[in-house]
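Undergrad: Protein chains in written order, with the working numbering: chain A, 1 to 416; chain B, 1 to 416.
Dropping the structure here:
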């Protein structure tokens, strides 16, 4: 779960409209997400909640269990007013780029505050951490470099470097804290007119695998859905709107999207690529192409492949992201413009409530970027990478279902 | 069915060994093929029959119904003594390159005569045709160019140009005649020390779709196998050795290899490639990349895709070859060395009889090229494209079967 809230004071005529943005994945939308929306409204008095959500593939480098449209519907029914899709080139990335894409998307749509879920719920910790790191940046970088050279993974090297400089304010091992810190860093470093805030997460840990509570982790919910489909346990962790959308999607596709369902394609692609071609894919660095080719041929499943390929240096998440880029054929060349851009190139609108629609009607003329509401739009070519990822996402389905679901991209945004 | 016989007189000590080569696909090995082997031995008095056979993918741009090893075993049991694999870069090509790869492979292994199946069975027709064409080459080329510019397909433009120059000796509409003519042309044009011969084909046409006789076309046999599996009709068209190998292969894989089984991979690959990337694939010419992309997204099956994409200009066979190169990711760059080479780069030995083994033991030292008998061989990197095609060929199978069948590539050649 990735949550951020961004709040904007924007004067429409004489009325001040408070619009709040959330950085989310909703994979799937559960009670914890609803709590976040609800709490955000409560502490900010926001009139309009704007979420920027990963689309077909997610930050940890995996397919979303159901598509973005059905996840969007579930969220709109539980109080979110606008859902923007975080473009693929930012969505399937480590925290820095992910945060850049998300924060700038919300910035461009006009918000002025953020608030994300964290273990402590204390925003001062994050701001202090940022200032503390800035002061000790050289020492941090030196140690980071040293640990990476020792063969440590990026997250481990980073948390060890934080330990050495004596960062105590935020536990930089928790994924949510790392993301929250990246949001704060993006805002402060770029002097964005956004005030960061955080709310305390409740009752579950990001990686928790079993459902122990009505507020369960998305990981445990997905596990339950994939293994046992609709057990009673899983039902109680989800708002009715989410259950409806999950069931609706499953009735069309007759399957959940998991890495295992894409394994034959990933495997086929790798065995038919040269190492030189693999090295052109975003995320295939440091000679990893040889390791990928070597382990591919005997891979029996995605899980089995992962076990063969992972090392101390490359975490499963890092490799999952790389595999996602191979699956979607996302090249280094294709990523370049996104990496070199100050902001994001466009906003992709997936759905909105009446409140969201009213907000957009008023604020639209202030938006500097193309606001793309359908692939029919004249800016379609900007979304080349997103459209490709979407086509790959649906490619595991029979042609009839594939066509039906793809059509959503060419329709007007969902309006609740 | 592609059949050629090449005969060599080679003195081993004081014994003259007659070695004959056949250009074949054996998809699958049927009574017509046996007749060809038998008749070849009869008219040539050959001691040793050498076949050069397409491997995983065939001249018409389709997967072989079962793998090359099982087809080889069937052939060895019916009188073929050596089976060489025609390298993929020659196998999946129009007649000129196909003939170049096949004839040079047999030339390099030392043969001195060829004899292929044709409608007339009269070799003088082919030699006369070659000389006739040489005399009218300019007129032929001019008309060929004119018809191609009119939007005619290559085969149609070619047969019309032949008509205009008044070529009467050989009917250049029959696929077998076109191939035979290409063999003769390759030999005469390059002054290879090989005497071409032909035998008259019996009782079936290349494209015949229904089984009407014990000697049936491979097309009709495949159709029967795919639709009705082991009907009584199909059994009578195949030698026992072929039935055994087909049954053995099917018991491992539980399926026949058809284009439809590769359709999900082909479709997935195309939707995740840019038009620029597609244009780098061998066979994707003249802006076809746009037509491929345009028709891909709605394709329901391979057959359905083919119906959408084919035009007057592009025959199904031409497009099937192109699709094979996309499926196997065979790039223009990768093909370059093969196109620019005078001969072939290596000989790949798949299997042999005791006679074949004896022949090779004696003749081996005369062979100028690497004779590769296993992928374990130090020349493995030469076979990059073949290995890739083989991996793609098996990629539709579950990992256990895939591994089992792949292993054959790393073992010693089959010895009967």
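Think of the CB as a built atom: it goes at the ideal place given N, C-alpha and C, for glycine as much as any other residue.
#1: Closest by CA to residue 237/B, which one among 224/B, 249/B and 248/B?
#2: Between the beta-carbon of residue 196/B and the beta-carbon of residue 302/B, is there less than 8 Å?
#3: Identify the residues that DSSP records as bridge partners of residue 429/B: which are they?
#4: List the residues of chain A whose Cβ lies closer than 9 Å to the Cβ of residue 392/B, in chain order.
#5: Please name the residue in 151/B, 118/B, 128/B and 166/B whose C-alpha comes closest to that of residue 140/B.
#6: Could you have a look at residue 132/B and say whether DSSP puts it in helix, strand or coil?
#7: Whose C-beta lies closer than 8 Å to the C-beta of residue 413/A among residues of the same chain, with five residues either side of it excluded?
#8: Does the beta-carbon of residue 341/B have 16 or more other beta-carbons within 10 angstroms, so that it is buried, or is it exposed?
#9: Indicate whether residue 47/A and residue 75/A have their beta-carbon atoms separated by less than 8 Å.
#10: Hey, how far is the Cα of residue 381/A from the Cα of residue 188/B?
#11: Is the separation between the beta-carbon of residue 91/A and that of residue 183/A shorter than 8 Å?
#12: Does the stretch 57–67 of chain B come close enough to the stretch 22–30 of chain B that 3 or more CB-CB pairs lie under 8 Å?
#13: Look at residue 101/B and residue 37/B and say whether their C-beta atoms are less than 8 Å apart.
#14: Among the residues of its own chain, which have a CB less than 7 Å from the CB of residue 97/A, if the five just before and after it don't count?
#15: Classify residue 88/B as buried or exposed, calling it buried when 16 or more other Cβ atoms lie within 10 Å of its own Cβ.
#16: Just reading off the alpha helix (DSSP H) that residue 52/A is part of, what are its end residues?
#17: Between residue 284/B and the rest of its own chain, which residues show a CB-CB distance below 8 Å, the 5 nearest in sequence each way excluded?
#18: Under the three-state reduction of DSSP, which class applies to residue 243/A: helix, strand or coil?
#19: Which same chain residues, not among the five before or five after residue 162/A, have their C-beta less than 6 Å away from its C-beta?
#20: Would you kindly report the start and end of the unbroken alpha helix (DSSP H) that includes residue 432/B?
#21: Just how far apart, CA to CA, sit residue 266/A and residue 17/B?
#22: What span of residues does the beta strand (DSSP E) with residue 352/A cover, start to end?
#23: Closest to residue 257/B by C-alpha separation, out of 395/B, 51/B, 376/B and 73/B, would be which residue?
#24: State the Cα-Cα distance for the pair residue 177/B and residue 268/B, rounded to the nearest angstrom.
#25: Taking 7 Å as the limit between beta carbons, can you name the residues of its chain near residue 317/A, skipping five residues before and five after?
#26: For residue 265/A, would you say it is in contact with chain B, using Cβ-to-Cβ distances shorter than 8 Å as the test?
#27: Would you mind sorting residue 52/B into buried or exposed? The rule is 16 or more other CB atoms within 10 Å of its CB.
#28: By DSSP, does residue 307/B sit in helix, in strand, or in coil?
#29: If the cut is a Cβ gap below 9 Å, which residues of chain A does residue 403/B touch?
#30: Within the stretch 55–94 of chain A, note down every full beta strand (DSSP E) run reaching 3 residues or more, in order along the chain.
#31: Quick check on residue 328/A - is its C-beta less than 8 Å from some C-beta in chain B?
#32: With a Cβ-Cβ cutoff of 8 Å, do residue 85/B and residue 110/B count as a contact?
#33: The alpha helix (DSSP H) that contains residue 319/A, what's its start and end?
#34: Residue 388/A versus chain B: which residues are under 9 Å apart at the beta carbon?
#35: Determine whether the Cβ of residue 395/A lies closer than 8 Å to any Cβ atom of chain B.
#36: Contact criterion: CB-CB distance below 8 Å. Does residue 241/B meet it with respect to chain A?
TA: Reading off the structure:
#1: 224/B
#2: Contact: no.
#3: Because chain B in this structure spans residues 1 to 416, residue 429/B falls outside the shown range and cannot be described.
#4: 268, 271 and 272
#5: Checked all of 151/B, 118/B, 128/B and 166/B; the closest Cα to residue 140/B is 166/B.
#6: helix
#7: Leaving aside the five residues that flank residue 413/A on each side, the residues in its chain whose CB is nearer than 8 Å to its CB run, in chain order, 349, 350, 351, 352, 373 and 374.
#8: exposed
#9: no
#10: Computed Cα separation, rounded: 53 Å.
#11: With contacts defined by Cβ atoms closer than 8 Å, residue 91/A and residue 183/A do not form a contacting pair.
#12: Output reads yes: the stretch 57–67 of chain B touches the stretch 22–30 of chain B.
#13: no
#14: So the list reads 90, once near-sequence residues are dropped.
#15: Residue 88/B is buried by the Cβ-count criterion.
#16: Per DSSP, residue 52/A belongs to no alpha helix (DSSP H); it is in the beta strand (DSSP E), 48–54.
#17: 278, 292, 322, 325 and 326
#18: Note: residue 243/A maps to helix in three-state DSSP.
#19: Only 172 meet the Cβ criterion.
#20: Missing from the structure shown is residue 432/B; chain B here goes from 1 to 416 and no further.
#21: 51 Å
#22: For residue 352/A, the uninterrupted beta strand (DSSP E) segment begins and ends at 347–352.
#23: 395/B
#24: Counting only the Cα atoms, residue 268/B lies some 37 Å from residue 177/B.
#25: 60 and 61
#26: So yes, residue 265/A belongs to the interface.
#27: buried
#28: helix
#29: 297, 298 and 300, listed in chain order.
#30: 82–86
#31: It does; some Cβ of chain B falls within 8 Å.
#32: no
#33: 316–327 is the span of the alpha helix (DSSP H), which, as asked, contains residue 319/A.
#34: 271, 272, 273 and 274
#35: yes
#36: no
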